[in-house]
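Residue numbers (the working numbering): 15 to 178. A virtual CB, placed ideally from N, CA and C, is assigned to each residue, including glycine. Just so you know, these numbers come straight off a predicted model, no measurement behind them. See below for the structure under consideration.
Structure follows, in structure tokens:
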């Protein structure tokens, strides 16, 4: 596979843009989550004993969005949009699904629909990770913690759905 030869300023600009895109999705989700939006509905839900403390979600998601942005950037900087169209499109699809989950769960407050949606998200993340790994192993590995966390979030969403 032939890699692109981008100048350092273009590479840095690309990294900033990929990170900004991921952080924008994080910001849209944060606007409806209990840390910023009204916590009453979420507080009223029955949650399993293994539900993490609220303070943990922000740092974990910040790290995950950073790793996701770097993973997309690694694929983009070496192959560009044209050569990695499938991989980067898969990334954008999973990123959109990621942002949609927060809206369904916290804004619409529909746990059942959020559970269905997060299953689609998890599949999209697995596909993206596989495609990234095929192009650039480091990019694939950067997505693995995201798979693990969203797998946990899927189990947590399912538990909340069952308990409520």
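For the set 160, 96 and 95, the Cα lying nearest the Cα of residue 141 is the one of 160. Its chain contains 56 as the residues whose beta carbon lies nearer than 6 Å to that of residue 48, once the 5 sequence neighbours on both sides are disregarded; these appear in chain order.
The beta-carbon distance between residue 153 and residue 74, rounded to whole angstroms, is 20 Å. This is too long to meet the 8 Å contact definition. Here the stretch 112-130 lies against the stretch 33-43, with 3 or more beta-carbon pairs under 8 Å apart. Counting the other CB atoms within 10 Å of its CB gives residue 91 a total of 16 or more, which places it among the buried residues. Per DSSP, reduced to three states, the secondary structure at residue 20 is coil, with no helix or strand assignment. Check the Cα spacing between residue 70 and each of 168, 101 and 163: the tightest is with 163. 8 Å or more divides the Cβ of residue 129 from the Cβ of residue 64.
In terms of Cβ geometry, residue 46 and residue 120 form a close pair [threshold 8 Å]. The stretch 93-103 and the stretch 30-38 do not touch, with fewer than 3 CB-CB distances between them shorter than 8 Å. About 4 Å separates the beta carbons of residue 83 and residue 32, which is inside the 8 Å limit, making them a contact pair.
The continuous alpha helix (DSSP H) containing residue 166 extends over residues 151-177. Residue 53 and residue 170 have their C-alpha atoms spaced approximately 18 Å apart.
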